[in-house]
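Trainee:
Protein chains: 2
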Amino acid sequence: MKPYHAMSKEELAEEVRSLEKAYEKTQSSGLSLDLTRGKPGQDQIELSAALDGILNNNFTLQDGTDARNYGGISGIPEARKLGAEVLDALPEEVIVGGNSSLTMMYQYVEAAHFFGLFETGESWSAEAARSGGRVKFLCPVPGYDRHFTICEALGMEMIPVPMDSEGPNIEFVREAVKADSLIKGIWCVPRHSNPSGVCYSDRTVTALSRLAADAGANFRILWDNAYSVHDLYEGCPEIAPLLKLATQAGHADSVVMFASTSKITFAGGGISWMASSVGNIERYLKRHSTMAIGPDKVNQLRHVRFLPDLDAMKAHMRAHAERLRPKFEAIQQRLEDDLGPLELAEWTRPTGGYFISFDTLPGLATQVVELTAQAGVKLTAAGSTWPHRKDPEDRNIRLAPSFPAPNEVKEAIAVFTLCVRLASARQLLGANTP
Amino acid sequence: MKPYHAMSKEELAEEVRSLEKAYEKTQSSGLSLDLTRGKPGQDQIELSAALDGILNNNFTLQDGTDARNYGGISGIPEARKLGAEVLDALPEEVIVGGNSSLTMMYQYVEAAHFFGLFETGESWSAEAARSGGRVKFLCPVPGYDRHFTICEALGMEMIPVPMDSEGPNIEFVREAVKADSLIKGIWCVPRHSNPSGVCYSDRTVTALSRLAADAGANFRILWDNAYSVHDLYEGCPEIAPLLKLATQAGHADSVVMFASTSKITFAGGGISWMASSVGNIERYLKRHSTMAIGPDKVNQLRHVRFLPDLDAMKAHMRAHAERLRPKFEAIQQRLEDDLGPLELAEWTRPTGGYFISFDTLPGLATQVVELTAQAGVKLTAAGSTWPHRKDPEDRNIRLAPSFPAPNEVKEAIAVFTLCVRLASARQLLGANTP
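Those sequence lines, one after another, are chains A and B.
The first sequence begins at 1 in our numbering and counts up one residue at a time.
The second sequence begins at 1001 in our numbering and counts up one residue at a time.
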């Protein structure tokens, strides 16, 4: 195989013919596979089956109260302590929620937007209205679609931020917040970032911890540590402790961190955490108490009995890695084998998390996703990793290998590489109408 | 004992002296009791201890999917069916949430307020801004403080509605919505109402089902059926099926119903339901999907395995009633014995629910609550049953006997009647400075 760009027109035409034949054959084989979302596999979920029933009729918390009754809007102390380990914070800086950290993120951002959760009193939307502008958020791209959806739902303007190997390009970020005081936040997935797999460097985290000094009032770093312990390999780098660094720098209020056990225990039945300065937490809880009496403490208790500390959690995550790693490696192998020599795509080689970020030649992502769909393999919609689902270069595709069985992952990725080749060859041939 | 109003000044003065002596004695006995909130008792919560572990390693839903993974924002089909029985609706009109119907109520009302969940597109707040007014809600009083808190948090104006023996005074309600199209909703607790215990009559429910005909655009009845199966006695009246009646009348969109298992299984670890027209549910879920991937389906599955249908639920509730009834009856007996002949207070005799609504002589509720607190018995703050916590006559006190042990309930209510007598005698004597 030689790179497509080095092929003659005749060679390319022959390649297209051969790929089209292979594609037709694939289409007729009636596949139905799904690489769309970062859902844990069935074998991963089984790892936590003992959660149900683990309480063994003992519902008593360490403080002597019964987890089953009302109350305790901060979450149970045991689970705050565990969250403090996960998020590298103090227990008093941590609260514990229900089965979705996404819901906590939405509730934080929405309350900050409409009501203000700040010492100054003024909400983001009120400040924007006063200065005749819109609230803006920095959105590192490629990024997590549901972060962008929150901003979109609240009518915020999203500013894409380029990602580099150390995280969001920090010079870009600093200049942006300096230039516009209505930029009120930035979304970050600091470890095994969704979808690029990047782990933020110490330099990036340190710079972020001081970012509030350059930003307008009430700037917030939304730190979605969704993959804090989700390593595929031993020896992945730790992330610098953002809240601690920000506290040292006098900017503790600018940090709001999140995590959950969705990809540790049960994807739909886990617990979630938020961590920030004690003042921020108090202001959030005051608002939150208008809509909630308390989280499901019984499920929080199940979780701390099942995973009493961070060491137990990390051991548990090694069992996850054993199940995920072969899927990721099958994908890498196939991408290398089928596409490596052709020089027509780039992709990430993550050491953890749930995704591989894949870039086609410019202008081909939508077409590749359509081609694979028509051959029975569903992928996340092209553009999903960008604000408003619009990838300006139409290149990025998020691959999510966790849910299908290993043999299905292999089948699906073979279809994918075929479609990438077909779309690329057609484009280079100038024959790009399917 | 004769009625206080029939006593001479000397008799009253003697009564005050005697009561003050008794009060001092009570104060010195070092009580610490709590009748503040409608928390189930420990013996009630034990009734559902089997919930944890009930799945017995079988997490498979009837549709073949695993309850532990992501997805299913409407809730599991089995739980939608159960909710349909509880709320007298169709399964497709019902969605299932997490551990708090209060959170669902907040989320519905907030989304309607800021974003609109209506065919017309315009939100409540946008309509109010356009017409230069404020969004208003009808609040039957005495009512549930957390309903009022939601309105307050959203900056709505609350209009108190008198309750009569059939529910909110329906003539008042009809005239109010006719006169002001910015009245966008009414809070209702239709069965064993909080705190009065009233069960809405068929006449009231039928009138409410047609209320939208008289109201402005996008009017909503927030139907918090928190005590739908919470009877203390056999033979309590059923409530007419509001959503069905409204559907027949062509006003299905005007009804949004809620219920939860908070006072059926675990107060903090139950599941919740919302029911409305299919169109309303679709619009709500579209908005809700910006903040949630799905509810905790594992806990939903636990619940339907534990309580597979309404009959099972009703049988379970009879065991609750056996534990609650003695507490309610102890209070009634003591109120009758201590206060009946004195003609200085009124109170309800509920057949279900969690509360007794108590009215002192005008102007005494705050003082009675303070007196009981100083004698070691905490009551819900006076005024809590009114919008903005301001009872214009300062009369209403909500008694919540469910949580303390039976002997504690007896001790607490004895302190309460003593304080009511003391405050009343002092007032009638014109010596009302404690």
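Note that CB positions come from ideal geometry on N, CA and C, so glycine has one too.
Nothing here was measured: the structure is a model prediction, and the numbers come from that model.
Could you tell me which residues DSSP pairs with P160 (chain A) in its beta bridges?
Mentor: By one-based count along the first sequence, residue 160 (chain A) stands at place 160. DSSP output for P160 (chain A) lists A:C139 as bridge partner(s).
Trainee: What is the DSSP secondary structure of S18 (chain A), reduced to helix, strand or coil?
Mentor: Locating residue 18 (chain A) in the first sequence gives position 18, where the first residue counts as 1. Looking at S18 (chain A) - three-state DSSP - the assignment turns out to be helix.
Trainee: For K390 (chain A) and S384 (chain A), what's the separation of their Cα atoms in angstroms?
Mentor: As a working mapping, residue 390 (chain A) is identified with position 390 in the first sequence. As a working mapping, residue 384 (chain A) is identified with position 384 in the first sequence. Cα to Cα, the separation comes out at about 7 Å.
Trainee: Spell out whether any CB of chain B is found under 7 Å from the CB atom of A126 (chain A).
Mentor: As a working mapping, residue 126 (chain A) is identified with position 126 in the first sequence. No, no contact with chain B.
Trainee: Examine the ligand ADP and report whether any of its heavy atoms sits within less than 6 Å of the Cβ of Q1042 (chain B).
Mentor: With respect to the ligand ADP, the structure shown offers nothing to examine, as it has no ligands at all.
Trainee: On the three-state DSSP scale, how would you describe L1033 (chain B)?
Mentor: Here residue 1033 (chain B) corresponds to residue number 33 of the second sequence, with the count starting at 1. The answer is strand: DSSP assigns L1033 (chain B) an E or B state.
Trainee: Would you call the CB atoms of G38 (chain A) and A400 (chain A) closer than 7 Å?
Mentor: Stepping through the first sequence from its first residue, residue 38 (chain A) is reached at position 38. Stepping through the first sequence from its first residue, residue 400 (chain A) is reached at position 400. Contact: yes.
Trainee: According to DSSP, which residues form a beta bridge with L1399 (chain B)?
Mentor: By one-based count along the second sequence, residue 1399 (chain B) stands at place 399. Answer by DSSP bridge pairing, in chain order: B:I1356.
Trainee: For L55 (chain A), which residues in chain B fall below 7 Å Cβ to Cβ?
Mentor: Your numbering for residue 55 (chain A) matches position 55 in the first sequence. The contacting residues are D1052.
Trainee: Select from A:T360, A:S276, A:S289, A:I293 the residue whose C-alpha is nearest the C-alpha of G1268 (chain B).
Mentor: In the second sequence, counting from the first residue as 1, residue 1268 (chain B) sits at position 268. The candidate whose alpha carbon is nearest that of G1268 (chain B) is A:I293.
Trainee: Check whether chain A comes within 7 Å of Y1070 (chain B), counting only Cβ atoms and requiring the distance to be less than that.
Mentor: Taking the first residue of the second sequence as position 1, residue 1070 (chain B) is located at position 70. Chain A, which has a Cβ nearer than 7 Å to the Cβ of Y1070 (chain B), makes this yes.
Trainee: What number of angstroms, rounded off, separates the C-alpha of H251 (chain A) from the C-alpha of G352 (chain A)?
Mentor: Walking along the first sequence from the start, residue 251 (chain A) turns up at place 251. Walking along the first sequence from the start, residue 352 (chain A) turns up at place 352. Computed Cα separation, rounded: 30 Å.
Trainee: Output the boundary residues of the alpha helix (DSSP H) element that contains I1150 (chain B).
Mentor: In the second sequence, counting from the first residue as 1, residue 1150 (chain B) sits at position 150. Here the alpha helix (DSSP H) through I1150 (chain B) covers 1145 to 1153.
Trainee: In angstroms, rounded to a whole number, what distance separates the CA positions of D1052 (chain B) and N56 (chain A)?
Mentor: If you number the second sequence from 1, residue 1052 (chain B) lands on position 52. If you number the first sequence from 1, residue 56 (chain A) lands on position 56. Rounded to whole angstroms, D1052 (chain B) to N56 (chain A) spans 8 Å at the Cα level.
Trainee: Could you spell out where the beta strand (DSSP E) holding P183 (chain A) opens and where it closes?
Mentor: Numbered from its first residue, the first sequence carries residue 183 (chain A) at position 183. Reading the sequence as shown, one finds Ile at residue 183 (chain A) and not Pro. Unbroken beta strand (DSSP E) run through I183 (chain A): 183 to 188.
Trainee: Please report the straight-line C-alpha distance between L335 (chain A) and I413 (chain A), rounded to a whole angstrom.
Mentor: Indexing the first sequence from 1 puts residue 335 (chain A) at position 335. Indexing the first sequence from 1 puts residue 413 (chain A) at position 413. Distance between the alpha carbons of L335 (chain A) and I413 (chain A) is about 8 Å.
Trainee: Tell me whether E1093 (chain B) is buried or exposed, calling it buried when 16 or more other Cβ atoms sit within 10 Å of its Cβ.
Mentor: Here residue 1093 (chain B) is taken as the residue at index 93 of the second sequence, counted from 1. By the neighbour-count rule (16 or more Cβ atoms within 10 Å), E1093 (chain B) is buried.
Trainee: Taking the alpha-carbon positions, what's the R438 (chain A) to L12 (chain A) distance?
Mentor: Outside the displayed span of chain A (1 to 434) sits residue 438 (chain A), for which this structure offers no information.
Trainee: Could you tell me which chain B residues have their CB closer than 7 Å to the CB of K297 (chain A), listed as they occur along the chain?
Mentor: Indexing the first sequence from 1 puts residue 297 (chain A) at position 297. Within 7 Å Cβ-Cβ: G1268, G1269.
Trainee: Taking the C-alpha atoms as reference points, what is the distance between V1177 (chain B) and L1211 (chain B)?
Mentor: Locating residue 1177 (chain B) in the second sequence gives position 177, counting from the first residue. Locating residue 1211 (chain B) in the second sequence gives position 211, counting from the first residue. Cα to Cα, the separation comes out at about 8 Å.
Trainee: What is the DSSP secondary structure of P295 (chain A), counted as helix, strand or coil?
Mentor: Position 295 of the first sequence holds residue 295 (chain A). If DSSP states are grouped into helix, strand and coil, P295 (chain A) belongs with coil.
Trainee: Just to confirm the assignment, what range does the beta strand (DSSP E) spanning D224 (chain A) have?
Mentor: Position 224 of the first sequence, counting from 1, holds the residue named residue 224 (chain A). Segment 220 to 224, the beta strand (DSSP E) holding D224 (chain A).
Trainee: Name the chain B residues that come within less than 9 Å of K39 (chain A), Cβ to Cβ?
Mentor: Taking the first residue of the first sequence as 1, we reach residue 39 (chain A) at position 39. Per Cβ cutoff of 9 Å: N1069, Y1070, G1071.
Trainee: In terms of residues, what are the limits of the beta strand (DSSP E) holding F416 (chain A)?
Mentor: As a working note, residue 416 (chain A) is residue 416 in the first sequence. That residue, F416 (chain A), is in no beta strand (DSSP E); its alpha helix (DSSP H) goes 406 to 429.
Trainee: Could you check whether the Cβ of A1405 (chain B) sits closer than 7 Å to any Cβ belonging to chain A?
Mentor: As a position in the second sequence, residue 1405 (chain B) is number 405, starting the count at 1. No, A1405 (chain B) does not count as interfacial toward chain A.
Trainee: For K1025 (chain B), does the count of other Cβ atoms within 10 angstroms reach 16, so buried, or fall short, so exposed?
Mentor: Start at 1 with the first residue of the second sequence, and residue 1025 (chain B) comes out as number 25. Exposed is the call here.
Trainee: From the DSSP output, in three-state form, read off G132 (chain A) for me.
Mentor: Within the first sequence, the letter at position 132 stands for residue 132 (chain A). If DSSP states are grouped into helix, strand and coil, G132 (chain A) belongs with coil.
Trainee: For P1387 (chain B) and A1381 (chain B), I'd like the C-alpha separation in whole angstroms.
Mentor: Working through the second sequence from its first residue, we reach residue 1387 (chain B) at position 387. Working through the second sequence from its first residue, we reach residue 1381 (chain B) at position 381. Near 13 Å, if we compare the C-alpha coordinates of A1381 (chain B) and P1387 (chain B).
Trainee: Closer than 6 Å by C-beta to P434 (chain A): which residues in its own chain qualify, once you throw out the five before and the five after it? Chain order, please.
Mentor: Looking up residue 434 (chain A) in the first sequence gives position 434. Since pLDDT at P434 (chain A) reaches only 44, below the 50 mark, its modelled position is unreliable, and the value read off the structure follows with that caveat. Closer than 6 Å at Cβ, skipping near neighbours: no residue.
Trainee: With DSSP collapsed to three states, give me the class of T1026 (chain B).
Mentor: As a first step, residue 1026 (chain B) is located in the second sequence; it is residue number 26 there, counting from the start. The answer is helix: DSSP assigns T1026 (chain B) an H, G or I state.
Trainee: Is there contact between the segment 1146 to 1156 of chain B and the segment 1101 to 1111 of chain B, where contact requires at least three CB pairs shorter than 8 Å?
Mentor: Contact holds: three or more Cβ-Cβ distances are below 8 Å.
Trainee: Where does W386 (chain A) fall in DSSP's three states?
Mentor: Stepping through the first sequence from its first residue, residue 386 (chain A) is reached at position 386. If DSSP states are grouped into helix, strand and coil, W386 (chain A) belongs with coil.
Trainee: Are three or more beta carbon pairs between the segment 1251 to 1263 of chain B and the segment 1098 to 1107 of chain B nearer than 8 Å?
Mentor: As far as the Cβ criterion goes, the segment 1251 to 1263 of chain B touches the segment 1098 to 1107 of chain B, which means the pair count is three or higher.
Trainee: Name, in chain order, the residues that DSSP records as bridge partners for V1256 (chain B).
Mentor: Locating residue 1256 (chain B) in the second sequence gives position 256, where the first residue counts as 1. For V1256 (chain B), which the question treats as bridged, DSSP gives the partners B:L1222, B:S1276.
Trainee: Go to K1378 (chain B), then tell me how far its beta strand (DSSP E) extends in each direction, as first and last residue.
Mentor: Locating residue 1378 (chain B) in the second sequence gives position 378, where the first residue counts as 1. Looking at the DSSP string, the run of the beta strand (DSSP E) that includes K1378 (chain B) is 1377 to 1379.
Trainee: Provide the residue(s) that pair with I1095 (chain B) in DSSP beta bridges, ordered along the chain.
Mentor: Stepping through the second sequence from its first residue, residue 1095 (chain B) is reached at position 95. DSSP lists B:M1274 as partners of I1095 (chain B).
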